[in-house]
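**Student:** The opening residue of the sequence shown carries number 46 in the working numbering; numbering runs sequentially from there.
Backbone N, C-alpha and C define an ideal beta-carbon position, used for all residues, glycine too.
The structure that follows is given in the form of structure tokens.
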Amino acid sequence: MATVERQVPSPEEEVLDDGMTRRSTLKWMTAAWLGFTAATVVGLTATVRFLFPNVLFEPPTRFKAGDPSTYAPGVDERWKEKFGVWIVRNTESIYALVAVCVHLGCTPNWLAAQNKFKCPCHGSGYYVSGINFEGPAPRPLERAEITLSPDDGQIIVDKATRYLYERGQWSDPKAFIKMV
């Protein structure tokens, strides 16, 4: 009679009732715990991220820009960095131009030697009045509301109210201050 050798599995390879070995069961359990841990970390990260949203701190839209007599004829750039506005004085009026190119929202520069605003992004050019004359800008710069304070006579600029040239709004009494 022939003898059949029977292999006895090692403890790591012991077959369980459902046909899986102990080793493969431990592998599946480890993978499941790692997956659960990863899902928990992602979920907690999303929750914490939700509690601290991105906040964009913008300057106030309304500000006092000083006494009209302090402005010499020409373009005054002192409010460009903080509020995004140029105060322009000519012989007849003072007005506030919003320092945002109407093409793609870049910030133009005032080139005093050439007496124009020039956008560094795509080359749009604007006269001192804000009217576009070169480049891809589809329309003139926008004007912000500008009034005199009844209390102390200082200039008040409000960027929340805009005036568009193409709609004939530059002639609105709050689009400029008449100089006498």
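Pop quiz: Lys202 and Phe102 are said to be a contact at Cβ under 8 Å. What is the actual Cβ separation, rounded to whole angstroms?
**Tutor:** Per the sequence presented here, residue 202 reads as Val, with Lys not at that position. Actually they are not in contact, since the Cβ atoms of Val202 and Phe102 sit about 19 Å apart, beyond 8 Å.
**Student:** What is the rounded straight-line gap between the Cα of Ala144 and the Cα of Pro98?
**Tutor:** If you take the alpha carbons of Ala144 and Pro98, they lie about 28 Å apart.
**Student:** Quick check: Val130 and Lys219, are their CB atoms within less than 8 Å of each other?
**Tutor:** In this structure, Lys219 does not lie closer than 8 Å to Val130 by Cβ.
**Student:** Looking only at DSSP bridge pairs, what is Lys223 linked to?
**Tutor:** Lys223 is bridged to Ser138.
**Student:** Give me the Cα-Cα distance between Thr92 and Arg68, rounded to the nearest whole angstrom.
**Tutor:** Thr92 and Arg68: Cα-Cα distance of roughly 36 Å.
**Student:** Leu142: buried (16+ other C-beta within 10 angstroms of its C-beta) or exposed?
**Tutor:** Buried, since its Cβ has 16 or more Cβ neighbours within 10 Å.
**Student:** Whole angstroms are fine: how far does the CA of Ile139 sit from the CA of Gly150?
**Tutor:** In a straight line, the C-alpha of Gly150 is about 24 Å away from that of Ile139.
**Student:** Which stretch, first to last residue, makes up the beta strand (DSSP E) that contains Thr192?
**Tutor:** Looking at the DSSP string, the run of the beta strand (DSSP E) that includes Thr192 is Arg188 to Leu193.
**Student:** Is DSSP giving Phe178 helix, strand or coil here?
**Tutor:** Strand at Phe178.
**Student:** If you follow the beta strand (DSSP E) that Ala110 is in, where does it begin and where does it stop?
**Tutor:** Where Ala110 is concerned, the enclosing beta strand (DSSP E) stretches over Arg107 to Gly111.
**Student:** Would you list the one or two residues that DSSP bridges to Arg207?
**Tutor:** Beta-bridge pairing links Arg207 to Ala189.
**Student:** Between the beta-carbon of Arg134 and the beta-carbon of Pro118, is there less than 8 Å?
**Tutor:** Their beta carbons are under 8 Å apart, which means Arg134 touches Pro118 by this criterion.
**Student:** With a threshold of 6 Å on Cβ separation, who are the neighbours of Pro185 within its own chain once the five nearest residues in sequence on each side are excluded?
**Tutor:** Only Gly175, Ile176, Asn177 and Tyr210 meet the Cβ criterion.
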